[in-house]
Amino acid sequence: MKAYKWLVPTFYIVFLMLPIYWLLNMSFKTTNEILGVFSLWPRDFTVGNYAKIFTDPTWYNGYINSITYVVINTVISVSVALPAAYAFSRYRFLGDKHLFFWLLTNRMAPPAIFALPFFQLYSAIGLFDTHIAVALAHCLFNIPLAVWILEGFMSAVPKELDETAYLDGYSFWRFFLKIFLPTIAAGIGVAAFFCFMYSWVELLLAKTLTSVAAKPIAATMTRTASTAGYELGLLAAAGTLTIIPGAFVIYFVRHYIAKGFALGRV
Amino acid sequence: MSQKTPNQKAWYFVVPVVVLVAFNAVIPLMTVVNYSVQETFGDNVFFWEGVKWFQQVLHSERFHASLLRQLAFTGMILLIEVPLGIAVALSMPRKGPWVSVCLVLMALPLLIPWNVVGAMWNIFALPEIGLLGRMVNGIGIDYNFTQQPVSAWMTTVAMDVWHWTSLVVLLTYAGLCSIPDAYYQAAKIDGASAWAVFRYIQLPKLKHVLTIAILLRFMDSFMIYTEPFVLTGGGPGNTTTFLSIDLVKIALGQFDLGPAAAMSLIYFLIVLLVCWVFYTLMMRDEDQ
Amino acid sequence: MAKITLDNIRHSYSADPRDEQDFALKKIDAVWDDGGAYALLGPSGCGKTTLLNIISGLLTPSEGSVLFDDIDVTNTPTGERHIAQVFQFPVVYDTMTVYDNLAFPLRNRGVPEDRIRARVHEIAEMLDLAGMLRRRAAKLTADGKQKISLGRGLVRADVNVIMFDEPLTVIDPHLKWLLRSKLKELHRQVGTTMIYVTHDQTEALTFADRVVVMVDGTVVQVGTPVELFEKPKHTFVGHFIGSPGMNVLPCELSGGRASFAGAVLRTASDATNPGPGVLEIGVRPEYVRFDNDGFPVQVLKVDDLGRYRIVELRREGHSIKMIAGEDERIPSENPRISFDPAHTRIYADGWVVN
Chain A
96 MKAYKWLVPT FYIVFLMLPI YWLLNMSFKT TNEILGVFSL WPRDFTVGNY
146 AKIFTDPTWY NGYINSITYV VINTVISVSV ALPAAYAFSR YRFLGDKHLF
196 FWLLTNRMAP PAIFALPFFQ LYSAIGLFDT HIAVALAHCL FNIPLAVWIL
246 EGFMSAVPKE LDETAYLDGY SFWRFFLKIF LPTIAAGIGV AAFFCFMYSW
296 VELLLAKTLT SVAAKPIAAT MTRTASTAGY ELGLLAAAGT LTIIPGAFVI
346 YFVRHYIAKG FALGRV
Chain B
5 MSQKTPNQKA WYFVVPVVVL VAFNAVIPLM TVVNYSVQET FGDNVFFWEG
55 VKWFQQVLHS ERFHASLLRQ LAFTGMILLI EVPLGIAVAL SMPRKGPWVS
105 VCLVLMALPL LIPWNVVGAM WNIFALPEIG LLGRMVNGIG IDYNFTQQPV
155 SAWMTTVAMD VWHWTSLVVL LTYAGLCSIP DAYYQAAKID GASAWAVFRY
205 IQLPKLKHVL TIAILLRFMD SFMIYTEPFV LTGGGPGNTT TFLSIDLVKI
255 ALGQFDLGPA AAMSLIYFLI VLLVCWVFYT LMMRDEDQ
Chain C
404 MAKITLDNIR HSYSADPRDE QDFALKKIDA VWDDGGAYAL LGPSGCGKTT
454 LLNIISGLLT PSEGSVLFDD IDVTNTPTGE RHIAQVFQFP VVYDTMTVYD
504 NLAFPLRNRG VPEDRIRARV HEIAEMLDLA GMLRRRAAKL TADGKQKISL
554 GRGLVRADVN VIMFDEPLTV IDPHLKWLLR SKLKELHRQV GTTMIYVTHD
604 QTEALTFADR VVVMVDGTVV QVGTPVELFE KPKHTFVGHF IGSPGMNVLP
654 CELSGGRASF AGAVLRTASD ATNPGPGVLE IGVRPEYVRF DNDGFPVQVL
704 KVDDLGRYRI VELRREGHSI KMIAGEDERI PSENPRISFD PAHTRIYADG
754 WVVN
């Protein structure tokens, strides 16, 4: 029985890969072929769909826009979360427990509730259709997440480290930047990873807050459904390309994935 | 664990976080509360309506239907994803060359933009051109998720299982890895069966991680919007219109600000209640 | 209970071991008698846990065989070897009561409930756990949990050997002594072969009838605590056991006599033919004494420990430690010492010269 244990993860991974393979399959076919012939691999292999995406600004801008606001958001979220997490980890202050709880509730808030209010808010301050708008909007749930993850990693570092540094004459910021941050490097990696992930995959708010200039790839993809009918091949290629950044990021943080999940602070 | 020192100056560290989150949370929420108790006929003129919208929403058939659909959906996916996730995590070796590869492949669905997940499953499940659609129809079952409510439900559930089970797997796997070898060794010495090892060693040690996994899946599935929207549009008809989808239809589609706002608040309160339970359970766990 | 024989055991953790460095256990041949209380003593990394796991079956040795009562069990799985093991930190089944924890191994083997009840109560009495049987195991203190671990081993009637892997590591210091005595008492009561692995010489010397000292994957000496103290076969044994440990000093030979820093010594070892290797003199601080016919030294410092004092001396840059009685006079001018010849030995490359 034990020898067949490997069948379970194998079947599971095959199940996971099937729709992705199908997407990949379609991305190398023309829409005509997709609608005309049903085949497990492209009879008429074409990279035309990908060529279109790489040469048409409306398409590749979609990717650039998405990556832009995701990176901005990750940088902002992790940067402001670091001092805050330190405070939660090391100090007791008035209202700290309630503040932490309040932060968590924002991670748990349905984005649908915020769709309309965000639209009005960001339009009102003139940030509609900008990368910074989406980056800021995503801070709603990413900052609490980053604080939560970082606080966990920081609490595992004994206070004696801080105290020793102060005795050795370090000023707070020198200690923080030169000693503390390297110690929790893994935590920073995990927090950045999850911020990247949740911002990259989130769609409702990203679409609501943009129209042309900062249009994320997701919004561009729905275009294929409306203007020229279902351009399935193009859609498939666009979809496949969105998987690549994610795959890259997972690959680079694969050692930290287990550690981050082990803290249970997703 | 060393004690935290009281220090009110710590607030300075927390200010940037509070500002950014509050900006995004408090102002919109105030707007929502504002709308939920007022009526407008345009031109920015508002009339106080009190609890009228709340009553309307709470008594509305449409809201009840969405809520029920949402609860059914969340119930279904929890019943599938949690046992499946645990089973897959249990079957993975704790060390070895294949572990990294497996974990990376399993994590992949988690990083796909949600609209692509919906689009992918759309293409995958279409009866004429999709692999799944063709296969299921090929073995004699009449399957068309764009027209049949049951098929639409099953496809949506399958999609969610495909998308999120890996979260449970990764969490559970990490939890399993943190169980020291000595426990398994002691179980061998005590002559325990595999089931006894699961029941008396693994399951108790996974309690913390599983609580997080279950509550996270509850929360995220309760708020689900993009994937089912791209897959089925909420249809056929409104058979797969869950709470968020309905809310967005009312708010952004119909611009019915009052009812939308009231519904938002009720929705948020349900989520907050479960969140509070989550937090209390977690804190109690950590105190032990 | 069984006699345990280790025949030519060598073990490497790497798949393709090439030289001696790759082997965690270099060559172990040992016989542990039925019913004995043994300690496996050595510093961290010397291979004692590896050896323990080979005996218990949690590890299969790269080479060699393990025999219980002359039956080869090298490939027998752990569950069938009838052994019990207590780990470094308490391993209890948290969701079960103390009673159920103790009953667990018996229930897994299909023993009838009334026999289980009698046996569990008997063992609980022995371990002073009788009053806590109904409590959840998770609620006990660390020493209580270790007792449960031990109890699970004792409760089975067919146990060949009980093994302890540094079991007192997480126990509070004032409880360590109590638990140690309890273990010794249990051994007398139960009579099962017991092997106790530790890096703490006090634990080893108080628990065991015979101590196996290991260093770097090899056994350097097996003997009673007294033998190890009086006649260390390896400088490591001398140094590791005793507080302070044995003095190890450089040795020169001339004309069939051994000398240290120019002082000629009489030793218990045969100085005429010590064999190849780096030569050293080993003598315990207990056997260094002030002697006007001895060789001159300087007194560096004196540590007063109440009932005795440790005197640190120096000759030509080498430090020598000595134990002096509470009332013994320490000469202030021209102190001279000598070593008791019966307890002074020559060591070549660490090994004693006979």
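Protein chains in written order, with our numbering: chain A, 96 to 361; chain B, 5 to 292; chain C, 404 to 757. Don't be surprised by glycine CBs; every beta carbon is placed ideally from N, CA and C.
Please compile the residues from chain B whose C-beta is within a distance smaller than 9 angstroms of the C-beta of residue i.
i                 : result
VAL344 of chain A : LEU115
LYS147 of chain A : Here the premise fails: no neighbours, minimum Cβ distance about 17 angstroms.
What residues from chain B crowd round residue i, counting only those whose CB sits closer than 7 angstroms?
i                 : result
LEU130 of chain A : ILE133
ARG349 of chain A : SER104, LEU107, VAL108
Can you list, in chain order, the residues of its chain with a C-beta nearer than 7 angstroms to that of residue i? Leave out the 5 residues immediately preceding and following it.
i                 : result
TYR39 of chain B  : LEU261, GLY262, ALA265
PRO480 of chain C : GLY460
LYS550 of chain C : LEU530, LEU532
PHE272 of chain B : none
GLY328 of chain A : MET121, SER122, LYS124, THR125, THR126, ILE129, ASN144
TYR179 of chain A : It is worth fixing the name first, because residue 179 of chain A is Ala in this sequence and not Tyr. Here the set comprises VAL242.
Quick one: which chain B residues come within Cβ less than 8 angstroms of residue i?
i                 : result
PHE110 of chain A : TRP166
ASP546 of chain C : What ASP546 of chain C touches in chain B: nothing, since even the nearest Cβ is about 17 angstroms away.
ARG748 of chain C : Those do not exist, as ARG748 of chain C stays about 41 angstroms from chain B at its closest Cβ, beyond 8 angstroms.
ASN478 of chain C : The premise fails here: ASN478 of chain C is roughly 15 angstroms from chain B at the closest Cβ pair, so nothing lies under 8 angstroms.
Which chain A residues sit within Cβ distance under 7 angstroms of residue i?
i                 : result
ALA123 of chain B : MET316, LEU330, GLY334
ASN148 of chain B : Those do not exist, as ASN148 of chain B stays about 16 angstroms from chain A at its closest Cβ, beyond 7 angstroms.
Is it right to say residue i is buried, meaning 16 or more other beta carbons lie within 10 angstroms of its own, or is it exposed?
i                 : result
TRP580 of chain C : exposed
TYR99 of chain A  : exposed
PHE110 of chain A : exposed
TRP2 of chain B   : Absent from the model: residue 2 of chain B. The displayed extent of chain B is 5 to 292, so no value can be given.
ARG520 of chain C : exposed
GLN592 of chain C : exposed
ILE345 of chain A : buried
ASN737 of chain C : exposed
ALA323 of chain A : Residue placement at ALA323 of chain A is flagged as unreliable, the pLDDT there being 47, under the threshold of 50; the coordinate-derived value follows with that caveat. By the 10 Å Cβ count, ALA323 of chain A comes out exposed.
LEU428 of chain C : buried
LEU245 of chain A : buried
THR463 of chain C : exposed
ASN11 of chain B  : exposed
Which one of the options has the shortest CA to CA distance from residue i?
i                 : options                                : result
PHE639 of chain C : C:LEU582, C:VAL618, C:ALA545, C:ALA671 : C:VAL618
PRO114 of chain A : A:GLY334, A:LYS254, A:GLU255, A:ILE227 : A:GLY334
LEU536 of chain C : C:ASN504, C:ALA560, C:VAL514           : C:ASN504
ASP432 of chain C : C:LEU509, C:VAL623, C:ALA418, C:ALA506 : C:VAL623
PHE347 of chain A : A:TRP154, A:GLU258, A:PHE291           : A:PHE291
GLY142 of chain B : A:SER161, A:PHE123, A:PHE133, A:ASN127 : A:PHE133
VAL25 of chain B  : A:HIS350, A:PRO206, A:ASN201, A:VAL296 : A:ASN201
ASN695 of chain C : C:ASP473, C:SER735, C:PHE663           : C:SER735
SER584 of chain C : C:THR605, C:ASP568, C:THR596, C:VAL573 : C:THR605
GLN74 of chain B  : B:LEU112, B:LEU171, B:PRO232           : B:PRO232
GLY237 of chain B : B:ILE81, B:VAL36, B:ASN126, B:VAL22    : B:ASN126
Output needed for residue i: all residues of its chain with C-beta closer than 8 angstroms, excluding positions within five of it in sequence on either side, in chain order.
i                 : result
PRO744 of chain C : LEU668, ARG669, THR670, ALA671
Excluding sequence positions up to five away, which residues of its chain have a Cβ less than 6 angstroms from the Cβ of residue i?
i                 : result
THR159 of chain B : ALA129, PHE149
TYR164 of chain A : HIS226, VAL229, ALA230
SER768 of chain C : Here chain C has residues from 404 to 757 only, and residue 768 of chain C is not among them.
ASN478 of chain C : none
ILE723 of chain C : ASN650, LEU716
List the residues of chain C that residue i touches, going by C-beta distances under 9 angstroms, in chain order.
i                 : result
PRO189 of chain B : For clarity, residue 189 of chain B is Gln in the given sequence; the question names Pro instead. Going along chain C in sequence order, the residues near GLN189 of chain B (Cβ under 9 angstroms) are ASN456, SER459, LEU461, THR481, GLN488, PHE490, VAL494.
LYS8 of chain B   : The contacting residues do not exist; LYS8 of chain B stays about 26 angstroms from chain C at best.
Which residues in chain A have a C-beta closer than 9 angstroms to the C-beta of residue i? List them in chain order.
i                 : result
LEU112 of chain B : LEU111, MET112, ILE115, ILE338, GLY341, ALA342, ILE345
What does residue i reach in chain A if we use C-beta pairs closer than 8 angstroms?
i                 : result
ARG138 of chain B : PHE133
Taking beta-carbon pairs under 7 angstroms, can you tell me which members of the stretch 230-249 of chain B lie near chain C? none
Chain B contacts from the stretch 186-213 of chain A (Cβ-Cβ distance under 8 angstroms): TYR186, ARG187, PHE188, LEU189, ASP191, LEU194, PHE196, LEU198, LEU199, THR200, ASN201, MET203, ALA204, PRO205, PRO206, ALA207, ILE208, PHE209, ALA210, LEU211, PRO212, PHE213
Could you run through the stretch 283-314 of chain A and flag, in chain order, every residue whose CB is less than 8 angstroms away from some CB of chain B? MET292, TRP295, VAL296, GLU297, LEU298, LEU299, THR303, ILE312, ALA313
Selection of the stretch 517-551 of chain C by Cβ proximity to chain B, strictly under 9 angstroms: Going along the stretch 517-551 of chain C in chain order, one finds ALA541 with a Cβ nearer than 9 angstroms to chain B.
Return the residues of the stretch 195-219 of chain B that lie within a Cβ-Cβ distance of less than 9 angstroms from chain C, sorted by chain order. Cβ contacts with chain C: GLY195, ALA196, SER197, ALA200, ARG203, TYR204, ILE205, LEU207, PRO208, LYS209.
Proximal residues, the stretch 255-270 of chain A versus chain B, C-beta separation under 8 angstroms: Those residues of the stretch 255-270 of chain A that come within reach of chain B (Cβ to Cβ, closer than 8 angstroms) are GLU255.
Residues, ordered as in the chain, of the stretch 722-749 of chain C that lie near chain B by beta-carbon distance below 9 angstroms: none
Which residues, taken in chain order from the stretch 28-44 of chain B, show a beta carbon closer than 7 angstroms to some beta carbon of chain A? ASN28, ALA29, ILE31, PRO32, THR35, VAL36
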